[in-house]
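Data first, discussion second: the structure below is written as structure tokens.
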Amino acid sequence: MTKPSLPSGVSSRAFPVVAFPAVVESPVMRFRLRAQPQSPKGRRPSPRSQSSNHRMSLVNLRTSSDYQEAVTATEEIESPTLGFIRPSDFKTGSITLSTAIIKQNNTLIYLVTKQAERLSELGGEVERLKRAVEVLGKREVKPVDLEDSIESLTKRLDNLAISGKPSASNKKGQIYVFKDPHKIFKEEYEKQKKK
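So the sequence shown is numbered by UniProt numbering: it starts at 1 and just counts up by one.
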């Protein structure tokens with residue numbers, strides 16, 4: 001059996017090494033059973049300070065559909081199925097701690113397998129989207145023909161008609177004014193010369 005090693009930069013004072021032979025060798029459970037960090041005085045933090053937030057998340061996890069599905073699915077292997085447990089409850093009795101760990105590992109294996117299936121489905125979806133993007137990228141885009149566009153706009157403008165009464169009358173004939181426009185122009189021209 002190999003001795004578990006701490007990550008670089010972590011002192012052994014913060015995490016006392018606790019060896020569980022069945023758990024230390026299991027790569028799945030290695031991260032789950034880490035000792036609690038100790039306070040500067042050498043005492044662990046009180047369980048009451050951590051348990052209120054921790055219990056809320058455990059309650060939510062226990063009621064989640066994934067957790068319920070995993071517990072129900074592993075119930076077929078051996079009853080009762082064990083999800084979240086207290087190790088102190090399994091020191092003596094019909095179920096030993098190693099049996100409880102095995103049952104929990106069965107539940108973990110189910111959950112990991114379920115996540116692998118979801119990951120595979122997402123991978124398939126990503127591949128499908130990549131193919132769709134490639135197909136869209138390979139499509140030929142017709143170059144814009146400006147002459148055709150101009151002709152079609154010209155035809156539309158020719159067919160455009162304004163409905164309703166015309167605002168200005170288009171009567172032919174003489175226009176009667178109060179003063180001769182030629183005289184008005186000469187007067188204005190003379191004013192500009194004087195300035």
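Every residue, glycine too, gets a C-beta built ideally from N, C-alpha and C. Quantities reported herein were computed from a predicted structural model and do not represent experimental measurements.
Top-ranked residue by Cα proximity to Thr63, from Gly83, Asn105, Asn106: Taking the first residue of the sequence shown as 1, we reach residue 63 at position 63. Comparing Cα positions, the closest option is Gly83.
Span of the alpha helix (DSSP H) around Ala116: Taking the sequence shown and counting its residues from 1, one reaches residue 116 at position 116. Note, Ala116: alpha helix (DSSP H), 97 to 138.
Glu188 versus Lys172 - alpha carbon distance: Counting from 1 along the sequence shown, the entry for residue 188 is found at position 188. Counting from 1 along the sequence shown, the entry for residue 172 is found at position 172. Whole-angstrom Cα-Cα distance: 29 Å.
Buried/exposed call for Ile162, threshold 16 Cβ in 10 Å: Locating residue 162 in the sequence shown gives position 162, where the first residue counts as 1. By the 10 Å Cβ count, Ile162 comes out exposed.
Cβ distance (whole Å) where Ile85 is taken to contact Asn106 below 8 Å: Walking along the sequence shown from the start, residue 85 turns up at place 85. Walking along the sequence shown from the start, residue 106 turns up at place 106. Between Asn106 and Ile85 the Cβ distance is about 13 Å, and since that is not below 8 Å, they are no contact.
As assigned by DSSP and simplified to three states, the class of Asn159: Taking the first residue of the sequence shown as position 1, residue 159 is located at position 159. The answer is helix: DSSP assigns Asn159 an H, G or I state.
For Asp89, three-class secondary structure by DSSP: As a position in the sequence shown, residue 89 is number 89, starting the count at 1. It is helical.
Straight-line Cα distance separating Lys191 from Ile175: Position 175 of the sequence shown, counted from the start, is the residue given in the question as residue 175. Position 191 of the sequence shown, counted from the start, is the residue given in the question as residue 191. Cα to Cα, Ile175 sits roughly 27 Å from Lys191.
Nearest-angstrom Cα separation, counted from Leu160 out to Ser152: Residue mapping note: residue 152 aligns to position 152 of the sequence shown, counting from 1. Residue mapping note: residue 160 aligns to position 160 of the sequence shown, counting from 1. Going from the Cα of Ser152 to the Cα of Leu160 covers about 12 Å.
Inter-residue spacing [alpha-carbon to alpha-carbon] between Phe90 and Thr113: For this step, residue 90 is matched to residue 90 along the sequence shown. For this step, residue 113 is matched to residue 113 along the sequence shown. Using only the alpha carbons, I get a separation of about 27 Å.
Among Lys103, Arg139, Tyr67, nearest to Thr81 - alpha-carbon criterion: Here residue 81 is taken as the residue at index 81 of the sequence shown, counted from 1. When only C-alpha atoms are compared, the closest one is Lys103.
Simplified DSSP state of Ser64, which is helix, strand or coil: Position 64 of the sequence shown holds residue 64. It is coil, neither helix nor strand.
Integer Cβ distance of Leu111 from Asp66, believed to fall under 8 Å: As a first step, residue 111 is located in the sequence shown; it is residue number 111 there, counting from the start. As a first step, residue 66 is located in the sequence shown; it is residue number 66 there, counting from the start. Their Cβ separation, rounded to whole angstroms, is 7 Å, which keeps Leu111 and Asp66 in contact under 8 Å.
Inter-residue spacing [alpha-carbon to alpha-carbon] between Glu75 and Ile95: Locating residue 75 in the sequence shown gives position 75, where the first residue counts as 1. Locating residue 95 in the sequence shown gives position 95, where the first residue counts as 1. Using only the alpha carbons, I get a separation of about 15 Å.
DSSP three-state assignment for Lys3, whether helix, strand or coil: Locating residue 3 in the sequence shown gives position 3, counting from the first residue. Residue placement at Lys3 is flagged as unreliable, the pLDDT there being 49, under the threshold of 50; a coordinate-derived value is accordingly withheld.
Any chain D beta carbon closer than 8 Å to Glu147: Absence of chain D from the displayed structure is noted, only one protein chain being present.
Unbroken alpha helix (DSSP H) run spanning Ile184, endpoints: On the sequence shown, residue 184 is found 184 positions in, with the first residue counted as 1. Residues 181 to 194.
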